[in-house]
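Student:
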Amino acid sequence: MGMAALSSVIKRDLSGMGKFLAIGALLVFAASLISFFFPMPALMLTLLVIVLAIFSLYIMYDVNRIVQGGEDNYISATLALYMDIYNVFQALLALVGIGGSRD
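Everything in the sequence shown is counted per this note's numbering, starting at 88 for the first residue and increasing by one.
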């Protein structure tokens with residue numbers, strides 16, 4: 088909620104952030120594949136914190152793109168924002184231990 092409020096009042100164009108966030112999401116995906124084959128609790132905790140940071144910034148980026156008028160298709164804009172919120176929520180749930188595996 089705070090990132091959305093911040094991005095709606097900020098006057099800067101955040102479109103340059105998109106490439107860095109996409110690379111960050113790809114790196115998190117690759118690290119999560121490594122974590123799947125070699126489970127380490129410290130790596131998983133680090134990945135969850137990085138996912139929270141990246142997708143919080145994605146919320147700010149997407150809301151700024153919608154407010155600035157850079158998105159014409161509102162269905163894809165809504166879907167992108169929904170997926171950002173879903174990923175943040177999933178990472179928060181995994182961080183507090185709800186919905187995780189019980190080994």
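Idealized CB from N, CA, C, for every residue including glycine. In this text the structure is predicted, and so the values were computed from the model without any measurement.
Please check if any C-beta of chain C sits within less than 8 Å of the C-beta of Lys-98.
Tutor: This model lacks chain C altogether, as it is built from one protein chain only.
Student: Let me check understanding here. Comparing Cα to Cα, which of Leu-182, Leu-134, Ile-162, Leu-180 lies closest to Ser-119?
Tutor: Along the sequence shown, read from residue 1 onward, the residue named residue 119 stands at position 32. Comparing Cα-Cα distances from Ser-119 to each of Leu-182, Leu-134, Ile-162, Leu-180, the minimum goes to Leu-134.
Student: Suppose only complete runs of 4+ residues qualify. What are the alpha helix (DSSP H) ranges in the stretch 118-149, listed by chain order?
Tutor: The qualifying runs do not exist here; there are none.
Student: From which residue to which residue does the alpha helix (DSSP H) around Asp-171 run?
Tutor: As a first step, residue 171 is located in the sequence shown; it is residue number 84 there, counting from the start. 161-183 is the span of the alpha helix (DSSP H), which, as asked, contains Asp-171.
Student: Can you tell me the Cα-Cα spacing of Pro-128 and Ala-140, whole angstroms?
Tutor: Taking the sequence shown and counting its residues from 1, one reaches residue 128 at position 41. Taking the sequence shown and counting its residues from 1, one reaches residue 140 at position 53. Distance between the alpha carbons of Pro-128 and Ala-140 is about 19 Å.
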